[in-house]
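Structure, as structure tokens:
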Ligand SMILES: Cc1ncc(C[n+]2csc(CCOP(=O)(O)OP(=O)(O)O)c2C)c(N)n1
Ligand SMILES: [Mg+2]
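Chains as they are written, first to last, in this note's numbering: chain H, 84 to 363; chain D, 468 to 807.
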């Protein structure tokens with residue numbers, strides 16, 4: 084299984100992001116449960132990582148010098164699975180087993196069951212600490228690989244995130260790049276109504292991070308930020324990506340209720356049409 | 468912290484122990500009364516010289532946990548994460564993912580309590596090669612009182628799948644435990660203490676994960692103990708044997724996985740099993756033993772431990788007395804059973 088990866092061709096990346104969204108929607112409808120909104124909001128970012136920025140070998144998932152991706156917002160598992168399948172870590176046909184008994188595609192990612200998953204996540208707030216540890220270990224070994232960690236904006240209400248934010252800055256982890264999927268929503272409503280997290284940028288700056296503020300659906304902006312983050316030395320970087328929850332399917336966009344609800348068969352058909360999948 | 472660093476001794480009559488002098492130290496701590504945290508700190512340094520993969524993390528207690536010794540010699544392999552135990556556990560997990568063998572240390576209650584869910588999700592569910600070596604377990608923490616005395620930590624760790632739990636009894640055993648867990652691939656919780664404890668293990672003792680040490684098996688009573696209670700158990704055995712009650716002592720230093728072969732053999736010989744631990748009687752060694760024997764070879768079990776209450780301030784010696792964790796308490800328990 085060979086896939087064209089590591090391309091900076093924006094049109095190619097946009098097409099891959101579209102494919103990723105199609106797979107997410109299909110697998111969620113098939114499974115009957117799972118997290119739609121937060122998988123779609125980060126689809127462009129994760130596509131840019133797996134198909135442009137990260138040095139990785141889908142057929143050698145434990146390759147020592149690989150860049151690492153930690154999905155701290157583990158409920159976006161369908162997004163990770165779609166990216167891994169399209170990159171060639173496993174056959175696409177496995178995606179239809181999501182959340183089914185015996186499947187390696189657990190409701191939240193399990194590193195013991197699925198190649199390409201670095202660590203099991205699902206309990207929010209823990210991924211950045213793990214990313215820090217990996218970054219420290221890579222630095223000790225003088226391995227040039229980088230670590231990427233995707234967090235939700237609701238997730239940063241967890242205290243451990245800020246413990247880890249301090250640690251990364253203290254140890255000057257410039258081989259680490261965090262990305263926050265700022266879709267403005269969490270489960271019970273808007274983050275601003277549930278527990279105010281703004282000013283997000285000022286917080287990360289105050290914690291000693293270099294920040295990039297981008298439109299998380301503008302592929303060119305994502306790719307540029309990922310490139311620029313690599314040039315920041317003696318500081319960790321965070322990409323604050325403004326996104327729309329449910330992005331790509333008009334009737335899911337910015338709807339709090341589509342956090343954990345999957346498309347019906349009818350909705351899937353409409354959604355695929357919107358994504359230009361009709362007739363395919 | 469004040470009073471913490473004035474060492475309080477928890478010691479039984481000198482007669483039983485080969486030497487109670489802490490100076491000069493033999494490199495393996497055999498025959499020495501030392502705190503298990505001291506043996507841990509010294510062993511880390513020794514192993515650190517031989518094994519580059521060992522890294523150590525602490526959460527602002529490196530002076531007390533004794534990881535500070537490693538930090539001095541190997542500063543590039545030591546990470547103080549500050550007062551953030553959850554982050555420390557996660558960072559240790561990340562380090563293990565790059566092939567390092569991380570030891571993460573703080574006080575037992577903060578390690579297992581504050582970071583419990585991080586241990587569950589990140590370390591055990593992912594089966595990461597992280598060694599949680601916590602000090603200041605039990606009430607012999609002493610003067611700091613209940614907030615700092617972990618009497619629930621074994622219970623907290625026992626319920627988590629994939630976790631191995633080891634409670635060394637003395638310095639000699641601690642050194643061997645630390646060596647063994649370096650060679651073992653997977654999550655381990657090592658329960659260490661603050662106070663000086665008598666040497667109990669014989670010179671030919673060789674620790675193996677999951678293997679209990681049988682001092683002897685009694686035909687009447689067998690005391691299954693762990694940690695500092697092994698010493699009290701040996702003392703109690705001497706008293707009971709003089710009274711004609713044939714008593715055995717087993718050091719069950721690995722609480723999980725439990726050495727069920729040894730336990731079954733002991734249960735078959737026992738009229739009474741007494742478990743003894745410096746931990747709540749709920750969820751620790753006493754529970755583990757009771758669960759196994761009740762399902763496999765029912766025999767009367769009495770649990771010596773902390774009776775579902777919090778600790779308090781005092782000297783370790785006073786506290787052991789107050790909470791019923793002395794040799795006399797074990798003897799009394801056996802007498803009560805006999806009287807029935
Ligand atoms: C520790 C923890 N608490 C609660 C949950 C339940 N939970 C799952 S997703 C979620 C909301 C996450 O919001 P956000 O981080 O903004 O994610 P996104 O909007 O990208 O889906 C919550 C509360 C959890 N998984 N972990
Ligand atoms: Mg959100």
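Each residue gets a CB set at the ideal place from its N, CA and C atoms; glycine is no exception.
The segment 127-137 of chain H / the segment 93-105 of chain H touching (three or more Cβ pairs under 8 Å): When Cβ pairs closer than 8 Å are counted between the two stretches, the segment 127-137 of chain H is seen to touch the segment 93-105 of chain H, the count reaching three or more.
Whole-angstrom C-beta distance between residue 622 of chain D and residue 749 of chain D, which should lie under 8 Å: Rounded, the Cβ-Cβ distance is 6 Å, consistent with contact.
Residue-chain proximity (residue 263 of chain H, chain D), Cβ-Cβ < 8 Å: Judged by the 8 Å Cβ criterion, residue 263 of chain H is not in contact with chain D.
Proximity test, residue 266 of chain H beta-carbon vs ligand 2 heavy atom, cut-off 7 Å: Checking the Cβ of residue 266 of chain H against ligand 2 gives yes.
Touching by the beta-carbon criterion (3+ pairs, under 8 Å), the segment 609-618 of chain D and the segment 673-685 of chain D: Segments in contact, no.
Residue of D/728, D/657, D/743, D/582 minimising C-alpha distance to residue 697 of chain D: Of the listed residues, the one whose Cα sits closest to residue 697 of chain D is D/743.
Separation of residue 806 of chain D from residue 767 of chain D, as counted between CA atoms: Straight-line Cα distance between these residues: approximately 14 Å.
Neighbour list for residue 800 of chain D in chain H, Cβ cutoff strictly below 7 Å: The contacting residues do not exist; residue 800 of chain D stays about 42 Å from chain H at best.
For residue 541 of chain D, the residue or residues it bridges with in DSSP: Paired residue(s): none; residue 541 of chain D is not in a bridge.
Any 3 or more C-beta pairs closer than 8 Å across the segment 233-241 of chain H and the segment 154-161 of chain H: Cβ pair count under 8 Å is three or more, so yes.
Local Cβ density within 10 Å of residue 569 of chain D, reported as buried at 16 or more and exposed below that: Counting the other Cβ atoms within 10 Å of the Cβ of residue 569 of chain D gives 16 or more, which makes it buried.
Partner residues on chain H for residue 725 of chain D, Cβ-Cβ distance less than 7 Å: Those within 7 Å of residue 725 of chain D in chain H number zero; the least Cβ separation is about 23 Å.
Any non-hydrogen atom of ligand 2 closer than 7 Å to residue 286 of chain H Cβ: Outside the cutoff, so no.
Residues that residue 546 of chain D contacts on chain H, provided the C-beta gap is smaller than 7 Å: Near residue 546 of chain D (Cβ distances below 7 Å), the residues of chain H are 219.
Chain D within 8 Å of residue 215 of chain H, Cβ atoms only: Yes, residue 215 of chain H lies at the interface with chain D (some Cβ there is under 8 Å from its Cβ).
Three-state class that DSSP yields for residue 569 of chain D in the structure shown: Looking at residue 569 of chain D - three-state DSSP - the assignment turns out to be strand.
Cα-Cα separation between residue 85 of chain H and residue 146 of chain H, rounded to whole angstroms: With a pLDDT of only 40 at residue 85 of chain H, under 50, the local geometry of the prediction cannot be trusted, and no value is derived from it.
Contact list for residue 224 of chain H against chain A, beta-carbon separation under 8 Å: Judged by its chain identifiers, the structure shown contains no chain A, and its protein chains are H and D.
Endpoints, the alpha helix (DSSP H) within which residue 217 of chain H is located: Taken as a continuous stretch (DSSP letters only), the alpha helix (DSSP H) holding residue 217 of chain H covers 210-223.
Residue 688 of chain D beta carbon less than 8 Å from that of residue 730 of chain D: Going by C-beta atoms, residue 730 of chain D is not nearer than 8 Å to residue 688 of chain D.
Close beta carbons around residue 686 of chain D, own chain, < 7 Å, minus the five adjacent residues each side: Taken in chain order, the residues that qualify are 713, 736.
Status (buried if at least 16 other CB within 10 Å, exposed otherwise) for residue 196 of chain H: Burial call: exposed.
Cα-Cα separation, residue 213 of chain H to residue 229 of chain H: For residue 213 of chain H and residue 229 of chain H, the distance between alpha carbons rounds to 13 Å.
C-alpha gap between residue 489 of chain D and residue 501 of chain D, whole angstroms: With a pLDDT of 46 at residue 489 of chain D, under the threshold of 50, the predicted position of this residue should be treated as unreliable, and no value is reported.
Own chain, CB closer than 8 Å to residue 344 of chain H, minus 5 neighbours either side, in chain order: Hits under 8 Å: 119.
Exposed unless 16 or more other CB atoms sit within 10 angstroms - verdict on residue 574 of chain D: With 16 or more other Cβ atoms within 10 Å, it is buried.
Contact set between the segment 729-750 of chain D and chain H, restricted to residues whose Cβ is under 9 Å from the partner: Within the segment 729-750 of chain D, no residue has a Cβ that lies closer than 9 Å to any Cβ of chain H.
Reduced DSSP secondary structure (H/G/I, E/B, other) of residue 686 of chain D: In this structure, residue 686 of chain D counts as coil in the three-state DSSP scheme.
Strand pairing of residue 151 of chain H, partner residues [DSSP]: Paired residues: H/230.
Short CB-CB distance (under 8 Å) between residue 554 of chain D and chain H: At a cut-off of 8 Å between beta-carbon atoms, residue 554 of chain D makes contact with chain H.
Beta strand (DSSP E) runs contained entirely in the segment 236-304 of chain H, provided each spans 3 or more residues: DSSP runs (the beta strand (DSSP E)) wholly in the segment 236-304 of chain H: 259-265, 293-298.
Exposure label - residue 200 of chain H; buried when at least 16 CB within 10 Å: Residue 200 of chain H comes out buried.
Distance cut-off 7 Å: residue 588 of chain D Cβ against heavy atoms of ligand 2: Because no heavy atom of ligand 2 lies under 7 Å away, the Cβ of residue 588 of chain D does not count as near it: no.
Chain D contacts made by the segment 239-272 of chain H, where a contact means CB separation under 8 Å: Within the segment 239-272 of chain H, those residues whose Cβ lies closer than 8 Å to any Cβ of chain D are, in chain order, 242, 243, 246, 247, 249, 250, 253, 254.
Beta-carbon gap between residue 632 of chain D and residue 723 of chain D smaller than 8 Å: By the CB criterion at 8 Å, residue 632 of chain D and residue 723 of chain D fall inside the cutoff.
Cβ-heavy atom distance, residue 269 of chain H to ligand 2, below 7 Å: True, at least one ligand heavy atom lies under 7 Å from that Cβ.
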